[in-house]
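First comes the structure, then the notes that go with it.
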Amino acid sequence: MSTTTSTLPPEFQDNMESIRIMGFWIFLTTDLVLFGSLFAVYVVFRSLVGLGPTPHQLFVIGPVLTETLILLTSSFTCSLSLYSARINRVPGAIAWLIVTLGLGMSFVLLEIHEFASDVLNGHTWHQSAFLSAFFTLVGTHGGHVSVGVGWAIMLAIQIGLKGLTLTTRRKLYAFALYWHFLDIVWIFIFTVVYLSGIA
Amino acid sequence: MPIQRWTLHLLRLLFPPQVLLPDIVAIDIGLTVAVIVIGVYLTRTRRWGWLWHEWITTVDHKKIGIMYLIAALIMLFRGGVDALMIRSQLIAPNAHFMGAQQYDEVFTTHGTVMIFFMAMPMVFALFNATVPLMIGARDVAFPRLNAISFWLFAFGAILLNMSFSIGGSPSAGWMSYPPYSELLYNPGVGENYFLLSLQVAGIGTIATGINFLVTILRMRAPGMSLSKIPVFVWSALITSSLVLFAFPPLTVALGLTMLDRVFGASFFTIAHQGMPMMYVNLFWIFGHPEVYILVMPAFGVFSEVVPTFSRKPLFGYEAMVGSLLAISFLGYGTWVHHFFEMGAGPSVNVFFGLSTMLIAIPTGVKMFNWIFTMWGGRIRLTVPMLWQLAFIPTFVVGGATGIMLAAVPGDYQYHNSYFLIAHFHNVILGGTVFGMLSGMYYWWPKMFGWKLNQRQGTWAFALFVSGFWLTFMPQYFLGFEGMTRRMATYPAGLGWTTLNLWSTVGAFVMGAGFLVMVYNILWSRRYRDWDVTGDPWDGRTLEWSLPSPAPEYNFARIPMVQSRDEWWAMKQEGRTDEVKISATTVHPIHMPRNSAMPIMLAFAFFVGAIGLIFAWFWMAILGGLGVIAALAYGSFADYSEVEIDAKHVLQTEAQLGRVES
Amino acid sequence: MTKTRRAWVFPAIILFGGLLTPGCGSDYVVFHPAGPVAQSELNLIVLSAIVVGVVIVVIWVLWAYVLIRFRDTPHNTAPYWPHWQHHRVLEVMVFVFATVALVVVAIPTVHKTYVLDRIPSRHPLVIDVTSLDYKWLFEYPVQHIATVNYFYMPTHRPVLFQLTARSPLSAFWAPNLGGMEYAMPNRVLPLWLEASHSGVFRGRNANFTGIDFWRMTFMVHAVPKKTFSHWVSQVQAAKHPMTRATWRTLLKPTVTPPLRYSNYPSWTFPQRPTAFTVKGLEYVPTKNP
Amino acid sequence: MDHEHPRRPQAPTGHGDEVELALLQPKMHATQFPSLQITGYILALVLTLLAFGMVAYHWVPVPSLIPIILVLAFIQGALQMGIFMHLREGRGTTWHLPVLALALFVGLGIVGFSIWIMMFKSGVS
Ligand code: HEA
Ligand code: HEA
Ligand code: CUA
Ligand SMILES: [Cu+2]
């Protein structure tokens, strides 16, 4: 199993850049434990509804399914962006990145809309431990997605300015990892929070 | 008079009535004077630029290590003063040296400062100072992130210490259990300080964990396989991985409490069906691994110190590494032993009681292996070795009482009593503090280039250790007499008086030991005993192959490692010339460039944290924008480097006598 | 070298002083059990102390031996083995030693944890305990009386304490009778204790709840059955019931002297404990409402 | 552990020796059509809609419903990791894999144990 530098994927050809990618992976694992803790809180608090609504009463599944499909699609377009970068198509990489961040933004907007309508119905997180856990778990994910959108914007600018260098390739790769990771977290939110909630 | 009202209002916000105690005012004045004196001194000697270029913006792991060490020693003093205040209050029944509120604040800050702002930075000081040198690397994997970690820690520490004079200290204990820590029982900003200072420092800690994990896995010199790295490096590796998975639950626990307090959520409140025990659960998912985070580096230090001063290789390297792995793994599954009393049921308690006990096996393997390392060796009683020698008999007592605590029905009687206080000081001081001090004395010459006086060091050691035994042994018996922790004072007639007196006397003996140690450092700095060899202890690992202190690029030539105690092997086989370079082989070296971004980023966090503490949301948003700006700036600036040209390297090495003729 | 050696005398003296001070006076509440629960816990404490004591002694002896024998002095005749770093048999022995010691502690730990979780009687006396800020409220649901900061219990009859709190998390601890258990808001936890001889015992809150936490103590009067019924009828006869107004004063964060009430409103204690409901006399977890 | 060095093309020696930019020759391993990505996308959609259908249209009885959709979520997570997250790419030893496994273990442990602990199963203590 001897690998020479040139047969490695491009992001790993430079040693320092490959070390940075590994650092990012490790960061994602800590984020995974962070979400694990939030899931633990949510699962334990699910039934602590007090005088507030139960999950069943609260959730409207239609918009959530839309959010899910949007995020899945953005995950796909994100992988296309990395794919374009790997076949050295700068415009493709940037274009798919922009599509991705656009989808991410619409996901965030839909989520804000969902939260806002809950709050307007009087279901603030003050109302019960369940609502606190719900808003926090889903909100933390949403916050991560928003950060990802900001990051994607900067990345698109950087790739536009500098082209595909060692550094921008590594950044795009890290961004893709982040984005897919959030997608996976969302799948679990969709399953554990929403689907289980209305089941 | 609206202006007057507003000023009064502002003043009251900044200095709530309980803060206007004469002692605090005195300390505030003292602090202000100290800051002014330092400022004037720096201006007079024109040192501002030096401070900025050499230290504040540095990304050099060696300098960051020194800054961590200084911060940790200052915090040891701060936490130690708190400890002496605690002990002074408890010296006699019905004492009113402090009021109850102030006592509560003092033990809370004592615990918080000691664990998060003394022990953790002390550990990171040693990691930073030595790990890259021990693995033959020129720096850590992410030097700028390393500086960010340090500054986040520093601003976290400033936040916690600020609480004392601006707004009020936290007073709910170092683990801040809700609902007591919720607004209902704890209005005011003290608790917010606790939550946010730990949050800010915690982010830095996670970053350090990532950094050292990657450094050790990816930056080793050629030939240095994982089975050849020194055990201290193993301990750093494993500690880092514990940090990775222990801190996120803490982040969540603190974050949710903050949401409750500042944003009106209902996680751990009594009302709205909040569930405070979930905080306790999350806190200890972090808290138990945390105590191993504190002790494993000490185990690592001892695994370096014992072989060096016994002139023998470490006994059972594989077992030593394996037991570290086993402890860290088991350490994730024991946390319920901190709340056996919550009624989770016998099966839960039995499971966690047994998993706790299991840790005695790998720890026991280590204890015996250190003894076997000394067996058949030649023991030199240097100061680092003395600390190690005190560690073995002390730690075994603390560990043994830990096993007693893990016997579930026994814990129903010990929980929250002074037996518990004695247990954990026994392991924390006997393990972590002895270990870190041992490491400090051991690596001091490597960090600073001069040695600490041995005779004074021995006295500091003797006073500190004897004070330790006198302080904490009586506390076990106080536990059996039914004395619980966190009592602001106690009535006479319960039989607690004598033992408490002993304990207080012991604490002051420890204080004296600490003072001798400070004197030791200052004296040794005044009459510097330079270490010209780079290898003052006849060491075994790679850091001793370098001059003291190491040049900024550490290794002019990256060593090709062949065996475990590589430097020892070089000395034995007469290969020491391998570290020298020649004019033909020298290359220019790229090093990361200093950056102001880390301190700016940490400062933005600081501003945001203050905004959240006082619920000044505009300020929190400002801080958030600052963070984004710093990150964006960092992203565009990329990792810039400076080149140290070959001539300069050659010159430096020649001065150190490390160029082949 | 002599200087170093002198420095060692100091810790040695203090160590012995520290170990010799404690005796076994009656102040050592944990060592003077007055009931089966505390007795059983004490037995485990003693057993575990002996086992870990053996471990400590073994380590100390080895440590002292090595330290004396293998010093780096010019005329030391001890062997020097600069390459000795493995010994399979020794390593296995250490492993076995620790494991055996642990098993000795672990078996009774498991056994007792389960035993202490089952109340040994179908007819316990039930006392509902509420931790209020800086005081303890005891209510007898059958006798319909209530006391503050002290209570009577008959000897030789298991008592089932049902613990809850209208204050931050507290811990109910009467060391002579047995170990502690949390009293927490929103939840009722069961704890059983029994007195096997009469006496007056101290109890206290063992979990920090605020500035007057250290004053939050109570007295347990364990008395023969007759005396107990007598006391109950005395309290009932006093015609001094707890009212809504008294309850409100009790809720305030204050320290109070012992008090007693001939009756109390039932809503002062959670009717439907969140987690438990009575089924026969077995306490089983219920689903949330 | 000992075998990793021969595999490593050059020693990681700090910041000194980065590969020259010109040497960089990105090569695609796959074909010129992103078929892997498309497969992944379709699989994700199918799994999501399957889970959704089970809940919304009661395709399976309630008791086994939640375990089944959880299993579906795990399958989808694994697929996404494998296909989109380039899980096995790396240089030298791919260290992120064991760390990731550990994190999963810890994360699931936190969830599982928390549920168990918070059931308050004590009879009498
Ligand atoms: C450095 C820190 C450190 C370390 C290393 C340990 C190590 C251990 N601790 Fe400790 N502990 C704390 C710091 C630490 N602890 C703190 C800070 C608290 C309280 C926090 C608070 O409430 O504020 C605490 C509380 C605490 C509790 C909770 C008590 C309570 O709240 O009621 C328990 C209970 O099981 C416990 C057990 C143990 C055990 C079994 C070990 C074991 O790891 C010890 C293992 C070592 C040995 C056993 C000695 C060597 C072994 C041999 C020689 C082999 C043979 C030995 C035997 C067979 C016995 N600890
Ligand atoms: C690393 C952790 C660490 C360390 C090193 C220490 C060190 C000490 N601790 Fe600490 N302690 C904790 C962690 C630690 N502690 C924690 C987590 C708690 C729980 C808090 C809580 O309940 O929330 C606690 C609680 C605690 C209590 C219980 C308070 C209570 O519950 O009411 C006591 C009481 O004796 C105590 C004492 C001491 C003493 C005497 C020292 C000594 O070792 C201190 C050493 C002394 C010095 C280093 C002195 C410094 C020098 C000077 C001040 C110069 C002046 C000198 C003279 C005038 C002679 N500690
Ligand atoms: Cu510490 Cu569990
Ligand atoms: Cu512990």
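Protein chains in written order, with the working numbering: chain A, 38 to 236; chain B, 192 to 852; chain C, 32 to 320; chain D, 17 to 141.
Heads up, the beta-carbon is just placed ideally off N, CA and C, and yes, glycines get one too.
In the DSSP assignment, what residue or residues form a beta bridge with residue i?
| i | result |
| --- | --- |
| C/A202 | C/Y213 |
| C/G230 | C/A253 |
| B/E834 | B/H781 |
| C/L290 | C/V179 |
| C/L220 | C/L194 |
| B/W641 | B/W721 |
| C/S162 | C/W167, C/A196 |
| B/R237 | Answer is none; B/R237 lacks a bridge partner. |
| C/L330 | Here chain C covers residues 32 to 320 and nothing more, so residue 330 of chain C does not appear. |
| B/I772 | B/V850 |
| B/I570 | C/R102 |
| C/M184 | C/A253 |
| A/R123 | A/R123 pairs with nothing; no bridge assigned. |
| C/N236 | C/F203 |
Leaving out the 5 sequence neighbours to the left and right, which residues in its chain are closer than 7 Å to residue i when beta-carbon positions are compared?
| i | result |
| --- | --- |
| B/V824 | According to the sequence as given, residue 824 of chain B is Tyr; it is not Val. Excluding residues within five positions, the ones whose Cβ falls inside 7 Å are M788. |
| A/I98 | Y231, I235 |
| B/A510 | V556, N560 |
| B/G175 | A query on residue 175 of chain B cannot be resolved here, the shown segment of chain B reaching from 192 to 852 and no further. |
Counting only the same chain and skipping the five closest in sequence on each side, list residues whose C-beta sits under 6 Å from that of residue i.
| i | result |
| --- | --- |
| A/A132 | none |
| D/L88 | L63, A67 |
| D/G32 | With a pLDDT of 31 at D/G32, under the threshold of 50, the predicted position of this residue should be treated as unreliable, though the coordinate-derived value follows. Closer than 6 Å at Cβ, skipping near neighbours: no residue. |
| A/L203 | D51, E54 |
| B/T406 | V331, A332 |
| B/L738 | Residue identity check: residue 738 of chain B is Pro in the sequence provided, not Leu. Taken in chain order, the residues that qualify are G725, L847. |
| B/S773 | E851 |
| B/T223 | none |
| B/I749 | G327, A412 |
Does ligand 5 have even one heavy atom less than 7 Å from the beta-carbon of residue i?
| i | result |
| --- | --- |
| B/A517 | Ligand 5 is not among the ligands present in this structure, which contains only ligand 1, ligand 2, ligand 3 and ligand 4. |
Grab me the residues of residue i's own chain with a C-beta within less than 8 Å of its C-beta, minus the 5 sequence neighbours each way, in chain order.
| i | result |
| --- | --- |
| C/L191 | I150, P155, L156, V157, I158, P221, L222, W223 |
Exercise. Would you check if there are 3 or more beta carbon pairs closer than 8 Å linking the region 708 to 723 of chain B to the region 303 to 318 of chain B?
Key: As far as the Cβ criterion goes, the region 708 to 723 of chain B does not touch the region 303 to 318 of chain B, which means the pair count is below three.
Quiz item: For the region 304 to 331 of chain B, which residues have a CB atom closer than 9 Å to at least one CB atom of chain D, in sequence order?
Solution: P323, G327, A328, R329, D330
Quiz item: Mind listing which residues of the region 456 to 480 of chain B have their C-beta closer than 7 Å to chain A's C-betas, in chain order?
Solution: A456, S457, F458, H463, Q464, G465, M466, M469, L473
Quiz item: Between the region 593 to 602 of chain B and the region 136 to 156 of chain C, do at least 3 Cβ pairs fall closer than 8 Å?
Solution: Three or more Cβ pairs closer than 8 Å define a contact, and the region 593 to 602 of chain B meets that threshold against the region 136 to 156 of chain C.
Practice problem: Report yes or no: do three or more beta-carbon pairs, one from the region 204 to 222 of chain A and one from the region 112 to 125 of chain A, lie closer than 8 Å? | Solution: yes
Quiz prompt | Residues of the region 261 to 294 of chain B whose Cβ lies closer than 7 Å to any Cβ of chain D, in chain order | solution = none
Quiz item: Taking Cβ-Cβ distances below 8 Å as the criterion, which residues of the region 197 to 211 of chain C are in contact with chain B?
Solution: P199, L200, A202, W204, P206, G209, G210, M211
Quiz item: Taking any Cβ of chain D, which residues in the region 112 to 125 of chain A have a Cβ under 7 Å from it, in chain order?
Solution: S112, F113, S116, L117, Y120, R123, I124, N125
Quiz prompt | Three or more C-beta pairs below 8 Å linking the region 621 to 630 of chain B and the region 670 to 680 of chain B | solution = no
Quiz item: Mind listing which residues of the region 655 to 681 of chain B have their C-beta closer than 7 Å to chain C's C-betas, in chain order?
Solution: V656, S657, W660, L661, M664, P665, F668, F671, E672, G673, T675, R677, M678, A679, T680, Y681
Exercise. Mind checking the region 114 to 128 of chain C against chain B and listing, in chain order, the residues whose C-beta falls within less than 8 Å of any C-beta there?
Key: H114, W115, Q116, H117, H118, L121, E122, V125, F126, F128
Self-check item: Any 3 or more C-beta pairs closer than 8 Å across the region 183 to 198 of chain C and the region 252 to 260 of chain C
Solution: yes
Quiz item: Given a limit of 9 Å on CB to CB distance, which residues of the region 352 to 365 of chain B reach chain A?
Solution: none
Quiz item: Would you call the region 391 to 408 of chain B and the region 368 to 376 of chain B in contact, with 3 or more CB pairs under 8 Å?
Solution: Between the region 391 to 408 of chain B and the region 368 to 376 of chain B, the count of Cβ pairs shorter than 8 Å is below three; the stretches do not touch.
Exercise. Pair every Cβ in the region 646 to 663 of chain B with every Cβ in the region 733 to 749 of chain B, then say whether three or more of these pairs are closer than 8 Å.
Key: no
Practice problem: Pull out every residue of the region 127 to 141 of chain C whose Cβ sits closer than 9 Å to any Cβ of chain B, in chain order. | Solution: F128, A129, T130, A132, L133, V136, A137, P139, T140, V141
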